[in-house]
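So the structure is just underneath, and the comments pick up after that.
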Amino acid sequence: MAKAATLKSAGAGTAAAPATPNRERPPEPKRYQPSQEELLGFYRQMLLIRRFEERAGQLYGLGFIGGFCHLYIGQEAVAVGLQSAMEPGKDSVITGYRDHGHMLAYGIDPKIIMAELTGRAAGISKGKGGSMHMFSVEHKFYGGHGIVGAQVSLGTGLAFGHKYKQDGGVCLAYFGDGAANQGQVYESFNMAELWKLPIIYVIENNQYAMGTSVNRSSAEDQLYKRGESFRISGLQVDGMDVLAVRGAAETALDWVRSGKGPILLELKTYRYRGHSMSDPAKYRSREEVQAVRDKSDPIEHAKRELEGMGVAEDELKKIDAEIKRIVVEAADFAEQSPEPEAGELYTDVLVEDY
Amino acid sequence: MPIELKMPALSPTMEEGTLAKWLVKEGDEVKSGDILAEIETDKATMEFEAVDEGTISKIVVPEGTDEVKVGAVIAIMAADGEESLSPSRGEGQASAASQGEGSGDSRPSPDGAGAPPPSPLQGEGKQVEQPSDQRTEVHSDATPHQMETGARDLVAAAARTHEDPEVPAGTETARQTVREALRDAMAEEMRKDERVFVMGEEVAEYQGAYKVTQGLLDEFGPGRVVDTPITEYGFAGLGTGAAMGGLRPIVEFMTFNFAMQAIDHIINSAAKTNYMSGGQMRCPIVFRGPNGAAARVGAQHSQNYGPWYANVPGLVVIAPYSAADAKGLLKAAIRSEDPVVFLENELLYGQSFDVPKLDDYVLPIGKARVAREGRDVTLVSYSIGVGVALEAAETLAQEGIDAEVIDLRTLRPLDRQTVLASLKKTNRMVCVEEGWPTCSIAAEIMAIAMEDGFDDLDAPVLRVTDVDVPLPYAANLEKMALIKTADVVAAAKKVCYR
Numbered sequence: 013m014a015k016a017a018t019l020k021s022a023g024a025g026t027a028a029a030p031a032t033p034n035r036e037r038p039p040e041p042k043r044y045q046p047s048q049e050e051l052l053g054f055y056r057q058m059l060l061i062r063r064f065e066e067r068a069g070q071l072y073g074l075g076f077i078g079g080f081c082h083l084y085i086g087q088e089a090v091a092v093g094l095q096s097a098m099e100p101g102k103d104s105v106i107t108g109y110r111d112h113g114h115m116l117a118y119g120i121d122p123k124i125i126m127a128e129l130t131g132r133a134a135g136i137s138k139g140k141g142g143s144m145h146m147f148s149v150e151h152k153f154y155g156g157h158g159i160v161g162a163q164v165s166l167g168t169g170l171a172f173g174h175k176y177k178q179d180g181g182v183c184l185a186y187f188g189d190g191a192a193n194q195g196q197v198y199e200s201f202n203m204a205e206l207w208k209l210p211i212i213y214v215i216e217n218n219q220y221a222m223g224t225s226v227n228r229s230s231a232e233d234q235l236y237k238r239g240e241s242f243r244i245s246g247l248q249v250d251g252m253d254v255l256a257v258r259g260a261a262e263t264a265l266d267w268v269r270s271g272k273g274p275i276l277l278e279l280k281t282y283r284y285r286g287h288s289m290s291d292p293a294k295y296r297s298r299e300e301v302q303a304v305r306d307k308s309d310p311i312e313h314a315k316r317e318l319e320g321m322g323v324a325e326d327e328l329k330k331i332d333a334e335i336k337r338i339v340v341e342a343a344d345f346a347e348q349s350p351e352p353e354a355g356e357l358y359t360d361v362l363v364e365d366y
Numbered sequence: 192m193p194i195e196l197k198m199p200a201l202s203p204t205m206e207e208g209t210l211a212k213w214l215v216k217e218g219d220e221v222k223s224g225d226i227l228a229e230i231e232t233d234k235a236t237m238e239f240e241a242v243d244e245g246t247i248s249k250i251v252v253p254e255g256t257d258e259v260k261v262g263a264v265i266a267i268m269a270a271d272g273e274e275s276l277s278p279s280r281g282e283g284q285a286s287a288a289s290q291g292e293g294s295g296d297s298r299p300s301p302d303g304a305g306a307p308p309p310s311p312l313q314g315e316g317k318q319v320e321q322p323s324d325q326r327t328e329v330h331s332d333a334t335p336h337q338m339e340t341g342a343r344d345l346v347a348a349a350a351r352t353h354e355d356p357e358v359p360a361g362t363e364t365a366r367q368t369v370r371e372a373l374r375d376a377m378a379e380e381m382r383k384d385e386r387v388f389v390m391g392e393e394v395a396e397y398q399g400a401y402k403v404t405q406g407l408l409d410e411f412g413p414g415r416v417v418d419t420p421i422t423e424y425g426f427a428g429l430g431t432g433a434a435m436g437g438l439r440p441i442v443e444f445m446t447f448n449f450a451m452q453a454i455d456h457i458i459n460s461a462a463k464t465n466y467m468s469g470g471q472m473r474c475p476i477v478f479r480g481p482n483g484a485a486a487r488v489g490a491q492h493s494q495n496y497g498p499w500y501a502n503v504p505g506l507v508v509i510a511p512y513s514a515a516d517a518k519g520l521l522k523a524a525i526r527s528e529d530p531v532v533f534l535e536n537e538l539l540y541g542q543s544f545d546v547p548k549l550d551d552y553v554l555p556i557g558k559a560r561v562a563r564e565g566r567d568v569t570l571v572s573y574s575i576g577v578g579v580a581l582e583a584a585e586t587l588a589q590e591g592i593d594a595e596v597i598d599l600r601t602l603r604p605l606d607r608q609t610v611l612a613s614l615k616k617t618n619r620m621v622c623v624e625e626g627w628p629t630c631s632i633a634a635e636i637m638a639i640a641m642e643d644g645f646d647d648l649d650a651p652v653l654r655v656t657d658v659d660v661p662l663p664y665a666a667n668l669e670k671m672a673l674i675k676t677a678d679v680v681a682a683a684k685k686v687c688y689r
């Protein structure tokens with residue numbers, strides 16, 4: 013007993029001592045101050061993602077979209093806030109299978125995204141990739157990966173390429189709270205810090221890895237700390253506030269572009285829908301979801317902010333109508349455009365003929 | 192009683208080495224732990240330590256001698272207070288040292304006449320086969336004798352047989368090991384294309400775990416010859432991502448056994464990218480390293496992954512036998528726009544072949560090669576199995592059976608035409624594969640013969656493969672498990688009804 017007591021008091025003493033940082037850390041991010049036009053742009057993009065995903069959910073129910081389909085509803089502020097700070101064509105982006113939102117946030121045509129979801133020849137991957145496998149090398153958007161955590165290693169390779177080519181680019185690698193428990197994530201962290209690779213690791217913590225909550229799956233549930241053993245600093249960010257997200261993106265980009273190596277952002281967010289379309293979401297209550305929608309919805313948040321800036325309701329309604337039209341057009345296109353030719357079965361297996 | 196100091200075996204595959212330097216001279220007194228000599232193996236330079244105390248009475252093998260066989264007496268040591276004695280059996284080193292360049296095709300077998308006979312069994316219990324990465328202390332009274340293992344037979348088959356590279360008549364050739372040929376292929380492509388880089392464990396400062404990347408760091412620097420932590424899944428993914436982003440990585444696995452940790456990226460990330468993106472995103476990457484059984488390294492380090500990768504659409508899979516093919520095909524692999532799994536063989540690294548002296552020797556991917564022409568039966572093989580097949584063909588020739596040997600070289604896409612053309616000519620076929628039988632490349636060749644060559648068959652196709660068990664460690668069991676020339680000969684006779 014005595015021994016245990018001694019140990020306990022020694023432990024308490026250590027814990028009481030203030031932690032002295034032994035290395036440079038990034039400053040606390042500041043909430044971004046947008047112009048009215050910029051915030052309208054963010055609002056527009058988030059709304060496009062929301063309406064697009066709602067429509068995709070409908071098309072799934074109608075049998076136009078098959079297989080797995082992971083919707084981004086609720087998480088819109090993350091992709092929009094982060095990608096608005098990147099330089100398309102210079103910086104690269106990679107994510108997992110919940111990828112529609114990231115593509116829309118990069119300004120890729122909703123028609124060819126929706127046509128990919130319906131498996132049509134006009135889809136961005138000629139209908140051969142589907143919801144989880146979409147790419148736009150032109151935009152330096154590298155997918156679209158179905159194996160949880162794989163995009164973290166691949167993204168680290170993209171960052172290696174930026175450094176190798178000295179092209180000044182930064183890689184933005186998104187993964188979820190579920191992927192944060194994959195071993196290869198930490199293998200990648202190690203190499204990224206060792207070689208000071210220009211990469212921003214983004215954990216989109218939507219609280220549930222499929223049906224398992226963060227608390228049930230993660231010994232350290234403060235995921236922004238997950239890089240500490242590799243000397244990678246982490247920041248926790250409100251992922252439901254597009255301006256907080258954009259502010260964090262600025263801080264992270266400053267850090268990485270100045271050659272200080274990787275940085276980790278944990279975006280606290282929430283998905284309103286199931287993990288995929290086939291998930292009944294029995295692991296949480298309707299009330300929990302409703303509470304987040306009522307209190308923290310990123311689009312409502314931006315809307316209030318815009319109203320505060322004096323944007324007239326008519327103007328917002330005009331945007332809503334325009335988005336609705338774009339999404340309807342995309343859905344019509346995706347329903348009506350033809351399936352791939354049978355010959356496409358055999359193309360693109362290998363690039364060269366041997 | 193004088194103690195014979197013998198050439199130690201410093202790695203599982205070492206059969207001979209160079210006595211680079213003596214650190215003692217005749218008359219020196221040595222204590223246990225003193226470093227006596229530096230010995231270069233095909234992989235590294237190792238220090239040879241004294242175990243016993245005494246006086247070096249005679250140095251039998253002078254420093255600078257190449258190709259000193261394992262087990263050859265290199266010096267004599269008198270125990271304290273003893274008179275110096277001359278060696279009782281020193282003739283082994285002389286013949287070993289006289290093996291010059293260009294004699295690889297007639298190299299004696301490790302346990303053959305060129306090597307000294309194994310010493311008496313005294314001290315047998317103390318001998319150990321040591322991993323190559325450990326400093327070796329060999330008991331000077333325990334002969335590191337050459338055990339008869341299946342792996343040694345495989346190497347011997349490769350060493351005894353000979354293959355001409357495919358080049359225009361009159362092209363000069365140089366004798367080169369497979370190891371050197373692979374290194375040259377990488378160096379040449381790296382000179383040509385800035386996007387090409389090598390990464391893997393111990394590829395840079397250590398000069399390669401099997402010395403394949405030797406010298407690359409000096410020429411290309413640490414930016415292009417990248418040492419990684421031991422983190423196969425991570426660096427395979429990193430390399431794949433770099434390829435997606437426009438670079439041309441060569442990812443070295445220390446052995447393909449470790450690539451199982453990374454197989455997700457090889458298959459799910461690299462092989463499927465082009466298809467999933469509708470041809471938009473390419474992944475020009477080479478995954479290379481030794482594959483198949485080595486010598487006495489047990490079940491987890493001895494496996495042929497050819498059939499695994501050859502199963503996957505979207506991959507190119509190459510498994511060369513000769514040094515010329517290793518060079519020409521690795522260069523082609525690095526230039527390919529597709530992901531390539533390039534399966535080397537540790538036992539072949541030290542084997543020498545004629546390599547054409549051409550500025551840019553590139554071979555076509557997907558083309559098998561007739562390694563030996565014949566009329567009576569076709570032996571189809573790849574990688575180290577080709578040596579076994581060629582040796583079997585020589586034995587069969589003495590018995591009046593003229594065997595044709597096909598070296599597949601590329602496992603995916605498989606050159607069906609060359610296989611079927613040969614079958615049409617000989618009407619009989621035996622597959623020879625250093626690997627397991629079930630769902631093997633041999634099984635695939637047999638299926639091709641059934642589907643498209645049925646009318647040409649005068650007998651059922653047979654396969655000679657490793658035994659369908661994890662590879663055992665014990666020398667006798669290992670030998671039983673691996674393919675043998677005699678089995679190929681027997682199978683060939685059977686399909687010829689002889």
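Heads up: the sequence lines are chains A and B, in that order. So the first sequence is residues 13 to 366, counted in this note's numbering. So the second sequence is residues 192 to 689, counted in this note's numbering. Note that the Cβ used here is the ideal one computed from N, Cα and C, for glycine as well.
Open item on the list: Buried or exposed for C630/B, going by 16 or more other Cβ atoms inside 10 Å?
Closed with: Taking the second sequence and counting its residues from 1, one reaches residue 630/B at position 439. With fewer than 16 other Cβ atoms from the protein chains shown falling within 10 Å of its own Cβ, C630/B counts as exposed.
Open item on the list: Is there a Cβ of chain A sitting closer than 8 Å to that of V507/B, yes or no?
Closed with: In the second sequence, residue 507/B corresponds to position 316, counting from 1. At least one chain A Cβ lies under 8 Å of V507/B.
Task: Spatial neighbours of P475/B in its chain, beta-carbon cut-off 8 Å, leaving aside the 5 residues before and after - done: Locating residue 475/B in the second sequence gives position 284, counting from the first residue. Correct list, in chain order: A434, R439, S527, E528, D529, P530.
Open item on the list: Cβ closer than 8 Å: which chain B residues qualify as neighbours of V361/A?
Closed with: Here residue 361/A refers to the residue found at position 349 when the first sequence is read from its first residue. The contacting residues are N465, Y466, P504, G505.
Task: Cβ-based neighbour list, P547/B, same chain, cut-off 7 Å, excluding 5 preceding and 5 following - done: Position 356 of the second sequence, counted from the start, is the residue given in the question as residue 547/B. So the qualifying residues of the chain are P356, V358, T362, T364, A515.
Task: Boundaries (first-last residue) of the alpha helix (DSSP H) holding T175/B - done: The first residue shown for chain B is 192 and the last is 689, placing residue 175/B beyond what the model contains.
- [ ] From the DSSP output, in three-state form, read off L214/B for me.
- [x] In the second sequence, residue 214/B corresponds to position 23, counting from 1. In the structure shown, L214/B sits in coil (DSSP, three-state: anything other than H, G, I, E or B).
Task: Beta carbon of L214/B nearer than 8 Å to that of E229/B - done: Position 23 of the second sequence, counting from 1, holds the residue named residue 214/B. Position 38 of the second sequence, counting from 1, holds the residue named residue 229/B. Yes, they are a contact pair.
Task: chain A contact residues for I556/B, given Cβ-Cβ distances below 7 Å - done: Counting from 1 along the second sequence, the entry for residue 556/B is found at position 365. Those are Y366, listed as they occur along chain A.
Task: Below-8 Å beta-carbon distance, A162/A vs any chain B residue - done: Position 150 of the first sequence, counted from the first residue, corresponds to residue 162/A. Yes, A162/A counts as interfacial toward chain B.
Task: Distance between P41/A and D360/A (C-alpha atoms, nearest Å) - done: Along the first sequence, one-based indexing puts residue 360/A at 348. Along the first sequence, one-based indexing puts residue 41/A at 29. So the alpha carbons of these two residues sit roughly 44 Å apart.
Open item on the list: Using beta carbons (cut-off 8 Å, strictly below), is E380/B in contact with chain A?
Closed with: Translated into positions along the second sequence, residue 380/B becomes position 189. Not an interface residue.
- [ ] Measure the C-alpha to C-alpha separation of Y198/A and A241/B and round it to an integer number of angstroms.
- [x] Here the question's residue 198/A lines up with position 186 in the first sequence. Here the question's residue 241/B lines up with position 50 in the second sequence. About 44 Å.
Task: When D657/B, T404/B, A559/B are compared against E625/B, the one with the closest alpha-carbon - done: For the purposes of this step, residue 625/B is identified with residue 434 of the second sequence, where counting begins at 1. Measuring from the Cα of E625/B, the nearest candidate turns out to be D657/B.
- [ ] Under 9 Å between beta-carbons, which chain B residues line up against N193/A? List them in chain order, please.
- [x] Residue 193/A sits at position 181 when you count from the first residue of the first sequence. What N193/A touches in chain B: nothing, since even the nearest Cβ is about 14 Å away.
TODO: Identify whether P498/B lies in helix, strand or coil by the three-state DSSP scheme.
DONE: Taking the second sequence and counting its residues from 1, one reaches residue 498/B at position 307. Correct three-state label for P498/B: helix.
- [ ] For E364/A, name the three-state secondary structure that DSSP assigns.
- [x] If you number the first sequence from 1, residue 364/A lands on position 352. If DSSP states are grouped into helix, strand and coil, E364/A belongs with coil.
Task: Of the residues L318/A, M222/A, G322/A, the one placed nearest Y282/A, counting alpha carbons only - done: Here residue 282/A corresponds to residue number 270 of the first sequence, with the count starting at 1. Measuring from the Cα of Y282/A, the nearest candidate turns out to be M222/A.
Open item on the list: Is the separation between the beta-carbon of N227/A and that of G188/A shorter than 8 Å?
Closed with: Walking along the first sequence from the start, residue 227/A turns up at place 215. Walking along the first sequence from the start, residue 188/A turns up at place 176. Going by C-beta atoms, N227/A is not nearer than 8 Å to G188/A.
Open item on the list: In whole angstroms, give me the CA-to-CA distance for Y500/B and N482/B.
Closed with: Here the question's residue 500/B lines up with position 309 in the second sequence. Here the question's residue 482/B lines up with position 291 in the second sequence. Those two C-alpha atoms are separated by around 12 Å.
TODO: Kindly indicate if chain A contains any beta-carbon less than 8 Å away from that of T431/B.
DONE: One-based indexing of the second sequence puts residue 431/B at position 240. It does: the Cβ of T431/B has a partner Cβ on chain A nearer than 8 Å.
Task: G355/A in three-state terms, based on DSSP - done: Position 343 of the first sequence holds residue 355/A. Judged by DSSP in its simplified three-state form, G355/A adopts helix.
Task: Within chain A, the residues that T419/B reaches when beta carbons sit closer than 8 Å - done: Counted from its first residue, the second sequence places residue 419/B at position 228. What T419/B touches in chain A: M203.
Task: Own chain residues within Cβ distance below 6 Å of P38/A, not counting five before or after - done: By 1-based counting over the first sequence, the position of residue 38/A is 26. Here the set comprises S245, T263, W267.
Task: Exposure of L357/A, with buried meaning 16 or more beta-carbon neighbours within 10 Å - done: Counting from 1 along the first sequence, the entry for residue 357/A is found at position 345. Counting Cβ neighbours within 10 Å, L357/A comes out exposed, since fewer than 16 surround it.
TODO: Identify whether N217/A lies in helix, strand or coil by the three-state DSSP scheme.
DONE: Numbered from its first residue, the first sequence carries residue 217/A at position 205. Strand.
Task: Cβ of I159/A within 8 Å of any chain B Cβ - done: The residue given as residue 159/A occupies position 147 in the first sequence. I159/A counts as touching chain B.
TODO: Evaluate the contact criterion for the region 392-399 of chain B versus the region 157-177 of chain A: three or more CB pairs, one atom per stretch, below 8 Å.
DONE: no
- [ ] Give the single residue among G565/B, T601/B, Y573/B whose Cα lies nearest to the Cα of P555/B.
- [x] Position 364 of the second sequence, counted from the start, is the residue given in the question as residue 555/B. P555/B has its Cα closest to that of T601/B, out of G565/B, T601/B, Y573/B.
Open item on the list: Beta carbons nearer than 7 Å to chain B: which residues of the region 126-149 of chain A have them?
Closed with: Taking 7 Å as the Cβ-Cβ cut-off against chain B, the residues of the region 126-149 of chain A that qualify are S137, K138, K140, G141, H145, F147, V149.
Task: Collapsed DSSP secondary structure at I136/A in the structure displayed - done: Position 124 of the first sequence, counted from the first residue, corresponds to residue 136/A. Assigned with DSSP and collapsed to three states, I136/A falls in coil, not helix or strand.
Open item on the list: I'd like the list of long-range same chain contacts for E410/B, defined as Cβ closer than 7 Å, with 5 residues on each side in sequence excluded.
Closed with: Translated into the one-based positions of the second sequence, residue 410/B becomes position 219. These residues qualify, in order along the chain: A378.
- [ ] Starting from the N-terminal side, write out each stretch of the beta strand (DSSP E) that is 3 residues or longer and does not extend beyond the region 245-333 of chain A.
- [x] 246-250, 275-280
Task: Residue of G469/B, G470/B, T422/B minimising C-alpha distance to A450/B - done: Counted from its first residue, the second sequence places residue 450/B at position 259. Nearest C-alpha to A450/B: T422/B.
- [ ] Buried or exposed for A333/A, please, with buried defined as at least 16 other CB atoms from any protein chain shown within 10 angstroms of its CB.
- [x] Here residue 333/A is taken as the residue at index 321 of the first sequence, counted from 1. Counting Cβ neighbours within 10 Å, A333/A comes out exposed, since fewer than 16 surround it.
Task: C-alpha distance - F645/B paired with N618/B, whole-angstrom precision - done: Here residue 645/B corresponds to residue number 454 of the second sequence, with the count starting at 1. Here residue 618/B corresponds to residue number 427 of the second sequence, with the count starting at 1. Straight-line Cα distance between these residues: approximately 9 Å.
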